[in-house]
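Quick note: the sequence shown uses my numbering, first residue 2, plus one each step.
For every residue, glycine included, the Cβ atom is placed at its ideal position computed from N, Cα and C.
Note that the structure is a prediction, hence the values are computed from the model and not measured.
All remarks here apply to the structure that follows.
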Amino acid sequence: MASELDSTSPALRVAIIGGGIIGRACGRELLRAGFRVRIYDQAGSLPGGSASAAGLLGPVSEFLAGDIPDPLIAAGIESLGLWAEWGRQLGDIGWRRAGCLHLGHLGSDEERFTRMAARAGAHGLAAQMQEAGALRNIDRRLKTSADAIGLFLPDEAEIHANAALAALRADFTAQGGEWAAVRALRIEERIGAIAGIHDPVDGFWAADAVLIAAGAASRDFADLAPELAAIYPIKGQLAVLGALSPRLATVLRFPGGYLAPKSDGTMLLGASMEPDRTDAEIEPAILAQLHAKLVAVAPGLAQLKPAHGRAGLRAGARDGVPQIGPLGIRGLWAAAGHGRNGFLLAPFTARRIATAMAASFGLRAYPD
Ligand SMILES: Cc1cc2nc3c(=O)[nH]c(=O)nc-3n(C[C@H](O)[C@H](O)[C@H](O)COP(=O)(O)OP(=O)(O)OC[C@H]3O[C@@H](n4cnc5c(N)ncnc54)[C@H](O)[C@@H]3O)c2cc1C
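Written out as C-alpha cells, the structure reads:
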C-alpha cells in the first residue's frame with residue numbers, strides 16, 4: 002500500500018523546467034505532496050504564453066463545440082471546480098463566475114448553439130438559449146441586431162491571469178519552493194534514469210525527477226523524449242481595449258473571438274490562432290480583425306478601440322491532447338501541449354502530476 006511522504010527522511014527532489022502557469026501550478030501541488038521542488042524559468046528558445054493569456058476558464062465554450070475526446074472535457078470541468086478552491090486559497094486573483102455569453106446570428110449559429118447546449122446538459126452543465134429581445138435586456142450597450150441569438154453558459158468563470166501567476170509564484174516560494182531564474186540547459190540521464198539538471202549558474206542540481214513544463218519550448222527536449230517533437234507553437238495575439246463602465250457582467254464569445262472584462266477594468270479582446278509562428282510581434286492588422294469580428298455581433302462596442310496588444314506562444318499538441326505524465330526515461334515527466342487552455346487545465350494537470358509522481362515513488366500525494 003502507498004505510504005505518506007515521511008517528513009523525517011530527506012524529501013525527493015523534483016526539478017521543473019518552465020515557470021509558466023503549468024510549471025507554477027505543478028510546483029504548488031508537488032510541494033503540497035511533500036517533494037522538494039525547484040522551478041527553472043528563463044526565456045527559452047521560444048517565447049512563453051502565460052503572460053499574454055486572457056484567463057478564461059471555459060470548458061463548455063472550448064470543448065463542447067468541437068470534436069474533443071471525453072476525458073479532456075471531464076478534465077476541463079474538474080479543473081474549473083478546482084479553480085474555485087484555488088481562488089479562495091490564493092487571495093485576489095480576480096476569480097469570478099462571470100458566465101459566458103456566446104453571440105451569433107439566426108441561421109448561421111443556431112444549430113451550433115443547440116448542439117452545444119445539448120452537450121453541456123449531458124455533462125450536467127447549464128446552457129440557456131437567448132433570443133434577440135432577451136439579449137438586448139442583458140446589456141443594451143451591445144446594440145445586438147434583431148436577428149441576433151445567444152447561448153448563455155452561467156457556470157464558466159475567469160481569473161486575472163497575471164494576478165494568478167504572481168500569486169502562485171509568491172505562494173510557491175513561501176511554501177519553501179526554490180525559484181531559479183535561469184535557463185535549464187540540459188537534463189542529465191544516467192543508466193536509464195534521471196540524474197539532474199545542468200544550468201549556467203549553479204552548474205548541476207541533482208534531481209530524482211524532472212518535469213518538462215516549458216510550453217512550446219518543451220520540444221527542445223525531444224532528444225530525450227521523442228513524444229515532445231509533437232509539441233508546436235501557436236501564436237496568439239490579443240488587444241487590450243479601453244475600459245467600459247460599468248464593466249460587462251459576463252464574458253462574450255463570438256465567431257473568431259472573445260471579449261473578457263477583467264477585474265482591473267481592462268477589456269481583453271482575443272485571440273488570434275497562428276500555428277507554427279515562432280515570434281511574439283504584435284500586428285495592428287490582426288488586432289483590427291479581432292475588433293471587426295466583435296463589432297459584427299456587438300455594434301454598440303465599436304468605439305472601444307484597441308489601445309495596445311499582447312502576444313505569446315501557446316504550446317499546441319498535434320492530436321489536441323496535452324501530454325501530462327511520465328515519459329520513456331525513469332524520472333522524466335511532461336506537462337505540456339495545453340493549447341488554448343493552459344490556465345483552465347492547470348489545477349487538473351498539477352493534481353494529476355503530483356498524484357502520479359508520488360505513486361511512482363510508492364508514495365501517496367494526498368493522504369486522507
Ligand atoms: C493570447 C493568448 C490568450 C490565451 N488565453 C487563454 C485563456 O483565456 N485561458 C486559458 O486557459 N489559456 C489561454 N491561453 C493559453 C495559455 O496561455 C497556455 O496554454 C499556457 O500559457 C501554457 O502554459 P505553460 O506553462 O505550458 O507554457 P508557457 O506559459 O509558455 O511557459 C513556459 C515557460 O518555460 C520557460 N522555459 C522554456 N524553456 C526553458 C528552459 N530551457 N529553461 C528554463 N525555462 C524555460 C519559458 O520562458 C516560459 O516562461 C492563451 C494564450 C495566448 C497566447
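- Taking 8 Å as the cut-off, the Cβ atoms of Gly-332 and Asp-209 count as close.
- For Asp-200, the enclosing beta strand (DSSP E) starts and ends at 194–200.
- A direct Cα-Cα distance of roughly 29 Å separates Gly-45 from Lys-263.
- Residue Leu-143 holds the alpha-carbon nearest to the alpha-carbon of Gln-304 among Leu-104, Leu-143, Ala-357, Arg-365.
- In this structure, Tyr-367 has its beta carbon at no less than 7 Å from each heavy atom of ligand 1.
- The Cβ atoms of Leu-169 and Ala-76 do not sit closer than 8 Å to each other.
- Leaving aside the five residues that flank Ile-22 on each side, the residues in its chain whose CB is nearer than 8 Å to its CB run, in chain order, Ser-51, Ala-54, Ala-162, Ala-165, Leu-166, Leu-169, Gly-343, Phe-344, Ala-347.
- Comparing C-alpha distances from Ala-281 to each of Leu-102, Lys-236, His-292, Gly-105 shows the shortest one belongs to Lys-236.
- Between Gly-28 and Gly-178, the gap from beta carbon to beta carbon is short of 8 Å.
- Per DSSP, Phe-173 is one residue of the alpha helix (DSSP H) stretching across 162–175.
- For the set Arg-14, Gly-19, Ala-12, Val-15, the Cα lying nearest the Cα of Phe-222 is the one of Gly-19.
- Pairwise C-beta distances place the region 190–205 out of contact with the region 114–124, as fewer than three of them are shorter than 8 Å.
- Linking Trp-87 to Asp-93 through their CA atoms gives a straight-line distance of about 10 Å.
- At least 8 Å separates the beta-carbon of Ala-337 from that of Leu-253.
- The alpha-carbon of Arg-184 is positioned some 38 Å away from that of Leu-65.
- Secondary structure of His-106 (DSSP, three-state): strand.
- Within the region 114–155, complete beta strand (DSSP E) segments of at least 3 residues are found at 129–131, 149–154, given in chain order.
- If you check the CB distance, Arg-39 and Ala-16 come in under 8 Å.
- Phe-205 is bridged by DSSP to His-199.
- For Asp-221, the distance from the CB to the nearest heavy atom of ligand 1 is below 7 Å.
- Close CB contacts of Arg-98 within its chain, under the 8 Å cut and outside five residues either way in sequence, are with Ala-85, Pro-155, Asp-156, Glu-157, Ala-158 (chain order).
- Short of 7 Å from the beta carbon of Thr-174, and not among the five residues preceding or following it, lie these beta carbons of its own chain, in chain order: Trp-180.
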